[in-house]
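Data first, discussion second: the structure below is written as structure tokens.
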Amino acid sequence: MKPRILLIYTGGTIGMMANPSTGELQSLDFDYIHQQIPEIARLDLEVIPISIAQPIDSSHMQPAHWTELVELIAQHEATVDGFVILHGTDTMAYTASALSFMIQGLAKPIVLTGSQLPVGILRSDGKENILAALEIAGKKHSTGTPLLQEVAVFFQSKLFRGNRVSKISAHQFDAFDSPNYPLLGVAGVEIEIHANELLEQTKTNTAYFKQLDARVGLIKLYPGINLSAYQSVFTPEVHRAVVIEAFGSGNTPNHEAFAKVLSAYVEQGGILVTISQCTSGSIQPGKYASGHLLAELGAWNGTDLTTEAALTKLMWYLGTTTNPHQAGFCTVIAGESA
Ligand code: ASP
452 MKPRILLIYT GGTIGMMANP STGELQSLDF DYIHQQIPEI ARLDLEVIPI
502 SIAQPIDSSH MQPAHWTELV ELIAQHEATV DGFVILHGTD TMAYTASALS
552 FMIQGLAKPI VLTGSQLPVG ILRSDGKENI LAALEIAGKK HSTGTPLLQE
602 VAVFFQSKLF RGNRVSKISA HQFDAFDSPN YPLLGVAGVE IEIHANELLE
652 QTKTNTAYFK QLDARVGLIK LYPGINLSAY QSVFTPEVHR AVVIEAFGSG
702 NTPNHEAFAK VLSAYVEQGG ILVTISQCTS GSIQPGKYAS GHLLAELGAW
752 NGTDLTTEAA LTKLMWYLGT TTNPHQAGFC TVIAGESA
């Protein structure tokens, strides 16, 4: 029997077409994908197309869309071998990260892909991305179990772990990277999957989490930052947790006004999470004197999480835990950190 893959359309450039009068790119009906890529029918797969209720440019993505995707996947888990999600590139890394926390223990692939050019344009990268993503999602071990058992992003011949990837280019076809984790595979003449890098699911049941708490903030430090201007960010009723993109291995400015805003937030019950604004490497709290402040304030160590993974993991963790604490947050869920 051919592997059955659910192809879920969420919108994005991949399914856009230029409005003939204004030239503006607009979302199209999902049928368009089939007209543009008749090759889908030639794959040794049974591809079942489906669309979210209202396809969007992924800049409009909200946690409610992630819940919609989780529901769609849960509804079809028993009847398909894998999932391919067509998604705009702008927030693809956020969606991939969110799904890796919201769907745990699923021993089937969820591969997100998209394109930099609409599929209707001659030089589009969309066709290859879709065809390869579908082929990857259909790959199985000789035992019949799916090869890939995690959330991944496929883009421009590279297969990445979904919660390790970031969009790094607004104009190149090679638009994604995962500096803190090796590629899961490469599509060359053959599609190579790097078995040693893959997650293996050991749970017998899939756990679906639909509850997220989006009261999560983000601040990127820069020399001269005036934290008191961000007072409303550091208000626990607004943000239960704030991710601090610190310098290097977790360093911060050391002046009193800066520390005061953070300590007042923590005293009121706010949670700080430190990640690095460097794209590779990890938080090392004690490495420099300037790295002590956040650790002394009890900031949770975000180690080598991407911004996308840190924010979505917090949304999931705060949405599902009654007594959030550092050790719980730092437990690795889906290979998101070292
Ligand atoms: N704005 C688009 C989106 O993310 C860009 C893209 O798809 O590449 O939906």
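Numbering (the numbering used here), first residue to last: 452 to 789. A virtual CB, placed ideally from N, CA and C, is assigned to each residue, including glycine. Predicted model, so just to flag it, every value in this text is computed and none were measured.
Note to self: My output table needs one value for Glu747: the three-state DSSP class, helix, strand or coil.
What the structure shows: helix
Check: If we ignore side chains and look at the alpha-carbon of each, how far apart do Leu496 and Lys453 end up?
Finding: Going by the C-alpha atoms only, they are around 5 Å apart.
Margin query: Under DSSP, the alpha helix (DSSP H) around Ile587 begins and ends at which residues?
Written below: Gly577 to Ala588
Check: Near Glu490, what residues of its chain come up, given a Cβ to Cβ distance below 8 Å and the 5 sequence neighbours on each side ignored?
Finding: For Glu490, the CB contacts under 8 Å within the same chain, skipping 5 residues up- and downstream, are Lys578 and Leu582 in chain order.
Checklist line | Close Cβ partners of Leu650 (< 7 Å) along its chain, the five nearest in sequence each way excluded | finding: Gln600, Glu601, Ala785 and Gly786
Notebook entry, point to check: Does the ligand ASP have a heavy atom nearer than 7 Å to the CB of Ser510?
Noted result: True, at least one ligand heavy atom lies under 7 Å from that Cβ.
Checklist line | Assigned exposure category for Tyr739 - 16 Cβ within 10 Å defines buried | finding: exposed
Margin query: Helix, strand or coil, according to DSSP, for Ser548 in the structure here?
Written below: helix
Check: So is the beta-carbon of Thr542 under 7 Å away from any non-hydrogen atom of the ligand ASP?
Finding: yes
Check: Who are the near neighbours of Ile499 in its chain, counting only those whose CB is closer than 6 Å to its CB and skipping five residues on each side?
Finding: Only residues of its own chain outside the window of five on either side were considered, and among them Leu457 have a CB closer than 6 Å to the CB of Ile499, listed in chain order.
Margin query: the ligand ASP and Gly565: does any heavy atom of the ligand fall closer than 7 Å to the residue's C-beta?
Written below: yes
Notebook entry, point to check: With Gln728 and Lys661 assumed to form a contact (beta carbons below 8 Å), what rounded beta-carbon distance in angstroms separates them?
Noted result: Going by Cβ atoms, the distance from Gln728 to Lys661 rounds to 31 Å, so no, they are not a contact pair.
Margin query: Going by beta-carbon coordinates alone, are Asn614 and Ser548 separated by less than 8 Å?
Written below: yes
Item checked: Span of the alpha helix (DSSP H) around Phe660 -> Careful: Phe660 lies outside any alpha helix (DSSP H) and carries neither H nor E.
Margin query: Please report the straight-line C-alpha distance between Ile722 and Glu747, rounded to a whole angstrom.
Written below: 13 Å
Next item on the list: Drop a sphere of 10 angstroms on the beta-carbon of Ser472, count the other beta-carbons inside from all chains shown, and report buried for 16 or more, exposed for fewer.
Entry: exposed
Item checked: Three-state secondary structure assigned by DSSP to Glu490 -> Three-state result, Glu490: helix.
Item checked: Ile465 beta carbon near the ligand ASP (any heavy atom closer than 7 Å) -> yes
Item checked: Best match in Thr461, Ile561, Ala525 and Ala544 for proximity to Leu762 [C-alpha to C-alpha] -> If you compare the alpha carbons of Thr461, Ile561, Ala525 and Ala544 with that of Leu762, the shortest gap goes to Ala544.
Check: Of the choices Arg691, Ile642, Phe709 and His743, whose alpha-carbon is the least far from that of Phe605?
Finding: That would be Ile642, whose Cα lies nearest to the Cα of Phe605.
Check: Would DSSP call Ile722 helix, strand or coil?
Finding: In this structure, DSSP gives Ile722 an extended state, which the three-state scheme calls strand.
Next item on the list: Output yes or no for whether 8 Å exceeds the beta carbon distance between Val667 and Ala626.
Entry: no
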